[in-house]
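Position 747 (the sequence shown) corresponds to 747 in the working numbering; numbering is contiguous.
We put the beta carbon where it would ideally sit given N, CA and C, even for glycine.
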Amino acid sequence: MRTLEVYDHVALKQNTRLHGAITRTNGEPDTPRLENRLNLAHTTIPSKVSDEFLATGVPPAGYVYVKWAEETDGCSLVDENDLTLLSRAFQVGDVVRQDGSCMTGKVIDVDETYTLAPLACDREVAKLLSVEQLFPSCSPACASHPPLRFSHPNPHALIYNVPSREIKVAQDVVRGDYLTSDKWIGLVSDVGYNVVIALENKSVVVVTGLGGICLPLEDNGIPLFNMFIRGDATRKELPDFANTENTYGVPVEVLRPGDHVVINHGPLREGRWIRGSYDPKCRRLGVVLDVRAREVTTMWLVNNRRDKSNASTKPRCEQSIYENIDTFQDQAQLTLNKYVSVYDSAKMPSKTATITTTLHSRTISGYPKDTQSVLLGLYIAVGTHVRFRDPTGAAVKYQGSEQNSHGRLTRVVSVDYPDWDFNEFIVVDMKQKATVLWQDGSTTTSDSMDLHDHDLFEPELQPTNIVVMREGMLQRPTASSSAVSFETSEFNEMALFERPHDLMPQKVGVIQTIDPRERVASIRWYRKPKIELLSSGRNLSHASHFGPIGDTVSDVSLYEILPFPFFNCLPRDMCVLADLVKVTRGQQAYETGESVDISLPTNSTSPRPGIERAVDRELSPISIAPWRMPKARTEPNGAGPRDWVGQVVATGLDGSLTVRLGAAQHCRDVRMDLDGLLACIPGDRRDMESVDGDLLDVDNFDVDIEISDDSSDDYSDADVEMGEVDDLLLDLTPEEADLIHKSHAPILTTVPPEPAEAPAEAPLSTTMPPGPPPQFLILDQEPPADQFGLQSVSSSIGALKRIAKEHKILASSLPKGQIYVRTYERRLDLFRCLMVGPRDTPYENAPFLIDLQLPERFPEQPPTAHFHSWTSGMGRINPNLYEEGKICLSLLGTWSGQHKTESWNPMATILQILVSLQGLVFVKNPFYNEAGFEGYEDDERYIHEAEQYNEKAFVMARRFTKNALVRPPRAMTDVLAWLYLPHHPDKPGESLLGTIISQGKLLIERSESARARNDESLLDSQGEKDDMTKVFLRPLSRGGIVMLKRTIEELQTELNRLTMVESCDRDGGGGGA
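Written as C-alpha cells, this is what we have:
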C-alpha cells in the first residue's frame, strides 16, 4: 500500500541527520528535469530502478524522490521502507480521508507548530557571517527535553513549538505570490533577484541574478547518479574547498543568507560594489548576506471592476517592489514601492476586528461559526527560511527552559556586517493538526499524519458545494455576438459538449451532507434563484442572482446534480468583490422584484466575468510573453485602498463566502453571498509545475495486423502535383483511385466557415437498413456538421495510397458487430467510428462515438482523435476519455508511454488504435487507468473509489444509449437502428435496447434485494453473481438506483415510441407517436 505522499516530511532511518520533503511519488510525479538537480545515492538502489527513474522521471512503485533539507545533501530516490514519516501538512481546502473509511472531508483549518534553527547556530555559518555570539551546546540539564526525531548538531539552540501565526517567510517575493495595485491583481510568474555577497576580503558586492553562482560541494564519497554542473567545475577528487578555489559546485535554485557560494568572475566584474571593488586576484568564495527581489514579472489577471477610471489598462508586466533596489546600501535603506505590494496570505485580522456581513437577511446557521482564527497557510516546508513577525515579542516569549537556556531565542549581530540582519531561522521540523469538515457534516481535529490526501483526478463533492439539478434545466447555444440569438430548449446532454451552451438551472442549492456509500446528497435550496450560466457554466450573466437561501432540504442522487466552475470557490482562492453598498442595494431590489446589476460599472457592456478561473490557462509552465508591456510606460497606478480584493477563508452551509481582505488598510473578514463576487482565481500554488500527463498509457496491446515493410508506403512531406496522382495509385483498383481523385479535386486551400448547429437526424425507425450494415463504408455525402476535423485542411496527396491501405484493413478486420467506421468520398482524411462497449464491463452494450482526423503528414504523424462525450458535466466516463473530447493514448501521441515502442510509428494502423481503445480503455476496472493508480488494483485504499467509479460509468453509459437514440449522430443512424432497435415490431424485447432495459431492471431488483440482506457480493450487468469472470459491480447504491431507474424508464419510453413509429410505417400509418 502506498503510505507516503508528496510534501511529507521524512527522515532516513540509516542516517537521521538526513531529513527532507518528498517531491515525487509513483502516483504524483512532477515535471522539472532531473538534470537540474543534484542527485545523490544516500542509499543503495538497484541499477534497474535508478535507470527507470532517470529515463522517466517517475519513481517506480515503492520508491519516492526526496529533497533533503540541506542543499548540499541534494535529492535522492529512496525506498519507502528506508524512510520514517515525521510529519504531514495540508492546506485549508484540501480534500482528505482516513484509513478504513470511504468518507472524505475538506480541511477547514490547520494548526501548525515549528521547530526553528537560528541561521547562525551552525558554527561554520556563524564564522562566515562574523557572528560572535556562539550558541552553547546541550548539558545534562537538557535531558528533560524530549529528543528530536532526527539528528541535529545543536538541539540546544533550536526554538521549539513556534505557532505558524508568529512567523512569515523570509524571502520577500517568490514565484506564485500575488501582487496588488489599487486597480489590478496579478500572479508573480518570475522573479529576478539581487544577491548581496561578502567575499573573503570583507568586500561586499550586489550580483544580479543567480547565474554564475553555485554552492561548493565536498567530495564525501557519496555516489552521484546524475548532476548538472554550472561553471567550469567538474566532480573529481579535489582538495577541501576551504583551502582552494578549484572546486565543484551545486547549481542553485534558491539562495538565502548564510549560504557559502562560489561566484564566477563575470558576475563579480558586472556587480555593484557596496564595499570595496572588483579584484581579479581575490578568491571567488563568499557568503550570502541578503537576497532581494529586483524585478518581478507579473501576469495581471483581474482588475477592480468597481472603478470606472482607467481600470482596463494593465500595469506594466515588470515591477519592482522597492523604489531603490538598484541603489540601496543596506537593508535599512530599502524603500517599498507604494504603488504595488505583495499580498500577505498569512495576514490575520486583529483580535478586535469584527466580521462584516452583507448576507441577505437570514439567520446565519451551520458552518462556519467563526473564521477570525483561521490561517490560510504559509506554504512552509522543512528547510524554509522564516522570520518572526514580532521579533521583540518573540524574544520575550522564548526564554528557554527554567533550568538553562535550552530553546532560548538569542538575537545575533555581525561584527563585520552590522548593517545586515541575520536573525533568520530555518524550519527543521513541523507538526500539524487539521480540522476537517466530513461529508456527513461532522467535524474532527486530528494529527495530519492520521489523514491521507484525496486529490483524485475527479474531485468528490463536499458539504458547502453549490450545485444545480439537472431536471428542469434549460439551455440555448451560446451566441457569438449580440446580433445572434437562439431559442431556449430543454437540457440536452448530447448537445452540451458539441458546442458551448448557456444554461438556466431552475433549482440551485447548497450541499449539507453526503452519504458516500449511498451516493446521496442532502441539499438546502435557494428560494428563488435567477441564474444564467454562460458558456457551459464558466461565467455568470449580469442579471443572475442567487437570492436568499431557503429552509427546504431534500435528498437527491449525486447523479442528478451538477457543479459548475463559477459556483465553487475554494479556500485560498483570490477573488474580486463588488461594491458592498451596491450588493446591499441589489439585494433590496431583488426582494422587491426589481432587477439591478451590481456586478459592473453602469457604463460597462462586457459579460460579468464571474468565476471564469482567471488563470484558466495553466499556471505552469507560465507563458509570460503575451503579458509583456512596453517598458517605456512608467506611470504606475496610483496608490489607493485595496478592499476590493481578498482571499476566500471559508464557504458556508448557507451558501455564504467568508473573504479575508488581506490587502485592506485594516485586515478583516467579510461574509457575503455569491452575488457580491465578481471574479475568482484558483489559489493552490504549492506546485507551480504543471503535470500534463495525468494520463495512463493504455497501449500495451498487440493487434494481429501486419503492414509489410514496403518503402512505397513512405512519403515525404513534399508537394505532389495532381498530375502525379495516377503514378502514385497504379496498384489501386479503379474504384479506389476514383475516390481519391474525388477527395482532392480540388484540395482545400481555405478553412471553411464554422458550421451551424447540426440539424436533427431523422428518427432511427425510419433508417432501419434491410440487412446488417457494413462495418466499414465510404459515404457519398458531406461530413456532418459535428464531425471533428471538418475545418482542417485535407491530407496531402502523398498520404492517399496509405489511406487506401487503411481502408482495406478496416473493411476486412474490424471486430464483428463491435466497431463500425465511416469515412467520406470528399474527405477521406476524416473518420467516424462507433464502438459498442465490451461485455462484462461498465460500458457493456453502450454506444461510443469517436472521430479521427488524419494530419497532413500522415502516416509520419498519428491521427488526431476526438471522443464525443455526452456526460453533461458529470465528469469523465473513463480516465482516458476527457469531457472536452481528448483521448489519452500513447498510440495517438497524447501520452508519452513508458517505452518508445508504445508510441505511434508509420507502420501502425487505424485498426490498432480502435482495437486498443476497445481493449484497454473500455475495461472492467477503469479507475486504475488513471496515471499513478496502475498496479494498485489490490490496494485496499482505493477499492471503494474504484467501485464507485464503476457504478458511475455504468449509469452514465446507459445515458449514452439514450442520447444516441434520441439524437442519433449523423453517418451512424443506420448502424444504431440495426444494433439497438427490434427488427420485428412485434418483438421489441429482442433487441439490444430491449436487452439493456431488461438487464437494467434486473440489476435494480437484485441490488435492492442484496442491500436488504447486506450482501456486498459483486454483480454482473443483470445482477447475477455466480460467474466471477463477469462481475464488476457492487449492488447499486441508493443514488445509483434512483438514476438508473429514471434512465431505464426513459429508454423504455423511447423503445415504445420507436416501435410504434415502425409499426405505423409498416402499416402505412405515417409518422411518429
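query                                                                                                                                                               : result
Return the first residue and the last residue of the alpha helix (DSSP H) that alanine 55 is part of.                                                               : 47-56
Determine the direct distance from the alpha carbon of glutamate 1049 to that of proline 752, and round the result to whole angstroms.                              : Note that proline 752 scores a pLDDT of 37, beneath 50, so its modelled location is shaky and nothing firm can be said.
Would you kindly check if the distance between the Cβ of leucine 474 and the Cβ of threonine 464 is under 7 Å?                                                      : no
Take the Cβ of serine 164 as the centre, count every other Cβ of all protein chains shown within 10 Å, and call the residue buried at 16 or more, exposed below.    : buried
Measuring alpha carbon to alpha carbon, tell me which of Ser350, Trp273, Leu828, Pro815 ends up nearest alanine 799.                                                : Leu828
Hey, arginine 572 and glycine 186: beta-carbon distance below 7 Å or not?                                                                                           : no
By how many angstroms is the C-alpha of methionine 504 removed from the C-alpha of threonine 552?                                                                   : 21 Å
Going by alpha carbons, who is nearest to threonine 1029 out of Val923, Ala293, Gly989?                                                                             : Val923
Does arginine 959 come out as helix, strand or coil in the three-state DSSP assignment?                                                                             : helix
Considering only residues of the same chain and omitting the five flanking positions on each side of glycine 638, which have a CB-CB separation below 8 Å?          : At glycine 638 the pLDDT is 45, less than 50, meaning the model places this residue with poor confidence; the figure from the coordinates comes in the next sentence. Hits under 8 Å: Asp182, Tyr339.
Just to check my reading of the structure: alanine 21 and valine 382 have Cβ atoms closer than 8 Å, yes? What is that Cβ distance to the nearest angstrom?          : 6 Å
Looking at threonine 445: is its Cβ nearer than 7 Å to the Cβ of lysine 433?                                                                                        : yes
Whose C-beta lies closer than 8 Å to the C-beta of arginine 613 among residues of the same chain, with five residues either side of it excluded?                    : Low local confidence applies: a pLDDT of 37 at arginine 613 is under 50, so the model's placement there is unreliable, and no value is given.
Does DSSP put proline 163 in a helix, a strand or coil?                                                                                                             : strand
Indicate the three-state DSSP secondary structure (helix, strand or coil) for glutamate 754 in the structure shown.                                                 : For glutamate 754, the predicted structure reports a pLDDT of 39, less than 50, and the residue's modelled location is therefore unreliable. A value from the coordinates is still provided. If DSSP states are grouped into helix, strand and coil, glutamate 754 belongs with coil.
State buried or exposed for phenylalanine 486, treating a residue as buried only when at least 16 other CB atoms are found within 10 Å of its CB.                   : exposed
For the beta strand (DSSP E) that glutamine 999 lies in, which residues bound it at each end?                                                                       : Looking at the DSSP string, glutamine 999 is not in any beta strand (DSSP E); the run it does join, the alpha helix (DSSP H), is 992-1012.
Please classify tyrosine 379: does DSSP put it in a helix, a strand, or coil?                                                                                       : coil
Just tell me which of Leu179, Leu85, Leu456, Val261 has its CA closest to the CA of aspartate 450.                                                                  : Leu85
Within this structure, are the beta carbons of alanine 1074 and alanine 846 separated by less than 7 Å?                                                             : Because the chain here runs from 1 to 1073, residue 1074 falls outside it and cannot be looked at.
Measuring alpha carbon to alpha carbon, tell me which residue in Leu976, His501, Phe954, Pro982 is nearest threonine 1047.                                          : Phe954
With a cut-off of 8 Å on the beta carbons, I'd call aspartate 82 and leucine 12 a contact; round off their distance for me.                                         : 6 Å
Looking only at C-alpha atoms, which of Val10, Thr961, Lys106 sits nearest to threonine 443?                                                                        : Lys106
For glutamine 912, name the three-state secondary structure that DSSP assigns.                                                                                      : helix
With 16 other CB atoms within 10 Å as the buried threshold, where does arginine 642 fall?                                                                           : buried
Pop quiz: proline 315 and tryptophan 420 are said to be a contact at Cβ under 8 Å. What is the actual Cβ separation, rounded to whole angstroms?                    : About 31 Å; that fails the 8 Å criterion.
For serine 812, report the span of its beta strand (DSSP E) as first-last.                                                                                          : Premise fails: serine 812 lies in the alpha helix (DSSP H), 800-813, not in any beta strand (DSSP E).
Where cysteine 833 and proline 769 are concerned, what is the direct C-alpha to C-alpha distance, given to the nearest angstrom?                                    : 18 Å
Leaving out five residues on either side along the sequence, give the residues of the same chain with a beta carbon under 7 Å from the beta carbon of arginine 389. : Glu166, Ile167, Lys168
Pairs of beta-carbons, one from the stretch 274-287 and one from the stretch 655-666, closer than 8 Å: are there three or more?                                     : no
Which residue wins for smallest C-alpha separation from tyrosine 114, given the options Phe927, Glu937, Glu951, Ile426?                                             : Ile426
Determine the closest residue to glutamate 806 out of Leu911, Glu951, Val252, Leu375, with distance taken between C-alpha atoms.                                    : Leu911
Buried or exposed: alanine 332, going by 16 or more other Cβ atoms within 10 Å of its Cβ?                                                                           : exposed
Specify the secondary structure class of asparagine 1022 as computed by DSSP and reduced to three states.                                                           : The question names asparagine, but residue 1022 in the sequence shown is glutamine. Of the three classes helix, strand and coil, the one that applies to glutamine 1022 here is coil, per DSSP.
From this set, Arg524, Glu532, Val131, which residue's C-alpha is nearest serine 656's C-alpha?                                                                     : Arg524
Quick one: is asparagine 161 buried, meaning 16 or more other Cβ sit within 10 Å of its Cβ, or exposed?                                                             : exposed
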